[in-house]
Amino acid sequence: MASGRHRCQRRASADEGRAEGSGEAPRPGPARDQGPQEGAAAQGEGPGGGSSTAGAAKKVGGLLLGGRGRLTSAAHRQKAIALIGEAKASGATLSAACGEIGISLRTLKRWRKAFLGDGDGEDRRRGSPRHVAHRLSEEERQRILLTCNQPEYASLPPGQIVPALADQDLFIGSESSLYRVLHAHGQAHRRGRARPPQEPRPVPRLRADRPNAVWSWDITYLPTTVRGVWLYLYLVIDVWSRKVVAWDVAEREDAQIAADLVGRACLRERISRGCRQPLVLHADNGNAMRAATLEARLEELGVLRSFSRPRVSNDNPYSESLFRTVKYRPDYPKRPFTSKAEACEWVASFVDWYNHQHRHSGIKFVTPDQRHSGDAAELCRRRADVYEKARQKHPRRWSRSTRCWRQPAVVWINKPPEEPQRALAIPLGQAA
2 MASGRHRCQR RASADEGRAE GSGEAPRPGP ARDQGPQEGA AAQGEGPGGG SSTAGAAKKV
62 GGLLLGGRGR LTSAAHRQKA IALIGEAKAS GATLSAACGE IGISLRTLKR WRKAFLGDGD
122 GEDRRRGSPR HVAHRLSEEE RQRILLTCNQ PEYASLPPGQ IVPALADQDL FIGSESSLYR
182 VLHAHGQAHR RGRARPPQEP RPVPRLRADR PNAVWSWDIT YLPTTVRGVW LYLYLVIDVW
242 SRKVVAWDVA EREDAQIAAD LVGRACLRER ISRGCRQPLV LHADNGNAMR AATLEARLEE
302 LGVLRSFSRP RVSNDNPYSE SLFRTVKYRP DYPKRPFTSK AEACEWVASF VDWYNHQHRH
362 SGIKFVTPDQ RHSGDAAELC RRRADVYEKA RQKHPRRWSR STRCWRQPAV VWINKPPEEP
422 QRALAIPLGQ AA
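With the sequence shown counted from 1, adding 1 to any position gets you my numbering.
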């Protein structure tokens with residue numbers, strides 16, 4: 002074969018030399034020696050032949066015909082024959098179409114012959130029998146199932162069943178064999194006491210468009226000078242205005258303390274059972290939040306309850322954010338509290354600062370008390386006038402519109418995805 006290859010190379014070199022010496026262009030050879038476009042034209046494929054062949058290849062790419070000697074189902078054979086026919090009708094040659102699919106012309110002819118008349122086109126080859134040496138018999142498999150389902154082994158995994166049987170001078174199969182048999186019969190799950198799968202809790206979605214629509218509350222720890230002894234800070238915040246509507250410091254986490262705290266807050270905010278729009282109190286899943294004592298008090302007040310999903314802190318973001326503000330204040334004590342009175346004194350000063358002096362970034366830098374009382378709209382209107390006058394005085398300094406001081410009209414806990422992403426806003430002339 003090497004000598005034949007050398008002779009072909011010498012003849013090709015001689016032909017090129019004669020063509021160059023005579024000054025004539027080399028004569029075109031067969032279609033297989035020409036470029037892609039010239040070869041296609043010589044074979045009569047036309048300008049669309051190459052694309053037809055490529056299209057056929059893309060269509061049969063998912064057929065998984067396999068390689069040489071593989072068994073091909075009748076459905077895949079019929080699909081391949083149809084696609085080759087489409088490529089042939091578009092101008093491609095049978096050899097090119099078969100080459101794209103990965104079969105020969107002889108195979109195509111054999112497949113077509115198999116479908117002639119009443120033929121089903123199935124491959125009559127039986128294939129090689131797969132004999133697994135030392136396969137477990139049906140009796141042995143049933144013995145494994147009966148053994149694994151006995152009361153003393155029903156809660157044990159195969160890793161413990163096998164050595165337990167070995168201690169009794171018994172061997173019915175290896176650990177992997179037991180797993181295979183259990184898996185084949187749908188028993189390869191946790192073998193022991195387990196809770197059934199729980200349905201995921203729905204996402205709490207709360208909408209606040211006014212003061213006293215949604216409250217959020219939580220409890221956090223305050224350190225003391227005694228190691229292992231803590232004080233507990235109760236905080237209730239209005240989600241819409243961010244105002245702290247109630248707080249307390251206690252020496253224990255108790256539902257009765259929480260019930261009294263919410264009761265005082267409702268009395269101060271004039272919330273009762275007769276309100277046309279009930280208040281929603283949102284909390285996490287702590288013991289005090291879930292207690293029946295608090296539930297009974299909220300039922301008396303006409304307040305609805307809402308809870309976060311288990312282990313999802315983002316479902317109660319406003320209380321978590323407030324606690325972060327509490328413990329990262331510059332005046333937060335660097336040393337633990339020496340007494341409950343000292344803690345109450347500091348928390349009282351913090352709540353007064355937070356409600357009446359702190360300009361909250363989530364409500365356009367007004368204080369929570371201003372937004373809760375309705376004074377924020379007028380304040381933001383004056384800010385907008387200041388910016389507009391500055392823009393009129395130096396218009397070239399403003400490439401865009403002035404800063405938006407409109408108050409957000411709606412505040413969400415877990416905003417639904419169908420809602421627009423930008424926050425809704427109320428006009429500056431409308432009361433908060």
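Ideal Cβ positions, reconstructed from N, Cα and C, are used throughout, including at glycine.
Item checked: Among ARG310, TYR319, VAL250, nearest to TRP347 - alpha-carbon criterion -> That would be VAL250, whose Cα lies nearest to the Cα of TRP347.
Next item on the list: Could you tell me the distance, in whole angstroms, from the CA atom of ARG471 to the CA atom of SER138?
Entry: This structure cannot settle anything about residue 471, because the visible part of the chain is limited to 2 through 433.
Next item on the list: Could you check the C-alpha separation between ARG207 and ALA293 for me, to the nearest Å?
Entry: The sequence given here places Leu at residue 207; Arg does not occur at that position. Spanning the two alpha carbons is a distance of roughly 23 Å.
Margin query: In chain order, what are the residue ranges of uninterrupted beta strand (DSSP E) at least 3 long that sit wholly in the region 130-193?
Written below: Here no run is fully enclosed.
Check: Quick one: what does DSSP say ASP219 is sitting in, helix, strand or coil?
Finding: In this structure, DSSP gives ASP219 an extended state, which the three-state scheme calls strand.
Check: Taking the C-alpha atoms as reference points, what is the distance between ARG253 and THR339?
Finding: Answer to the nearest angstrom: the Cα atoms are 16 Å apart.
Next item on the list: Indicate whether ASN317 and ALA284 have their beta-carbon atoms separated by less than 8 Å.
Entry: Going by C-beta atoms, ASN317 is nearer than 8 Å to ALA284.
Notebook entry, point to check: What does a CB cutoff of less than 6 Å around GLY287 pick up in its chain, not counting 5 residues either side in sequence?
Noted result: Answer for GLY287: no residue qualifies.
Item checked: Presumed contact (8 Å Cβ cut-off) between LYS110 and ALA98, rounded CB distance -> That belief does not hold up - the Cβ atoms of LYS110 and ALA98 are roughly 13 Å apart, past 8 Å.
Note to self: With a threshold of 7 Å on Cβ separation, who are the neighbours of GLN358 within its own chain once the five nearest residues in sequence on each side are excluded?
What the structure shows: If you ignore the 5 residues before and after GLN358, its C-beta comes within less than 7 Å of the C-beta of THR368, all in its own chain and listed in chain order.
Item checked: Straight-line Cα distance separating VAL245 from TYR235 -> Distance from the CA atom of TYR235 to the CA atom of VAL245, rounded to whole angstroms, is 11 Å.
Note to self: Nearest by alpha-carbon distance to LEU147: which of VAL182, SER177, GLN161 is it?
What the structure shows: Selected option, being the one with the closest Cα: VAL182.
Check: Once you ignore the five residues that flank VAL352 on each side, which residues in its own chain have a CB closer than 7 Å to its CB?
Finding: Answer for VAL352: VAL245, TRP248, listed in chain order.
Check: Got a sec, what are the start and stop residues for the beta strand (DSSP E) ILE238 sits in?
Finding: Boundaries of the beta strand (DSSP E) around ILE238: 231-239.
Notebook entry, point to check: Can you give the beta carbon distance from LEU305 to VAL281, rounded, assuming they're within the 8 Å contact cut?
Noted result: That belief holds up - the Cβ atoms of LEU305 and VAL281 are roughly 5 Å apart, short of 8 Å.
Check: To which residues of the same chain is ILE258 closer than 6 Å at the C-beta, ignoring the five residues directly before and after it?
Finding: Scanning its chain for C-beta atoms nearer than 6 Å, with the 5 sequence neighbours on each side dropped, one finds around ILE258 the residues ALA251, in chain order.
Note to self: I'd like the span of the alpha helix (DSSP H) that includes ALA85, first residue to last.
What the structure shows: Note on residue identity: the sequence assigns Ile, not Ala, to residue 85. Going by DSSP, ILE85 is part of the alpha helix (DSSP H) stretching over 75-90.
Check: Among ARG136, LYS114, TRP413, LEU84, which one has its Cα closest to the Cα of ILE102?
Finding: It is LEU84.
Next item on the list: Determine contact between the region 404-411 and the region 196-207, defined as no fewer than three beta-carbon pairs at a distance below 8 Å.
Entry: Flag = no, the region 404-411 and the region 196-207 do not touch.
Next item on the list: In the DSSP assignment, find the beta strand (DSSP E) that holds ASP249 and state where it starts and stops.
Entry: Run containing ASP249: 245-251, per the beta strand (DSSP E) assignment.
Note to self: In chain order, what are the residue ranges of uninterrupted alpha helix (DSSP H) at least 4 long that sit wholly in the region 320-368?
What the structure shows: Listed in chain order, the alpha helix (DSSP H) elements of length 4 or more contained wholly in the region 320-368 are 341-357.
Margin query: I'd like to know whether the C-beta atoms of VAL240 and SER273 end up nearer to each other than 8 Å.
Written below: The Cβ atoms of VAL240 and SER273 do not sit closer than 8 Å to each other.
Item checked: Residue interval of the beta strand (DSSP E) (run including TRP413) -> Residue range 412-414 is occupied by the beta strand (DSSP E) that includes TRP413.
Check: According to the neighbour-count rule (16 or more other Cβ atoms, all chains shown, within 10 Å of its Cβ), is ASP168 buried or exposed?
Finding: Sixteen is the threshold: since fewer than 16 other Cβ atoms of the shown chains lie within 10 Å of the Cβ of ASP168, the residue is exposed.
Checklist line | ASP121 classed as buried or exposed, judged by whether at least 16 other C-beta atoms fall within 10 angstroms | finding: It is exposed - the Cβ of ASP121 has fewer than 16 other Cβ atoms within 10 Å.
Check: What's the C-alpha gap between THR108 and GLY118?
Finding: The alpha-carbon of THR108 is positioned some 18 Å away from that of GLY118.
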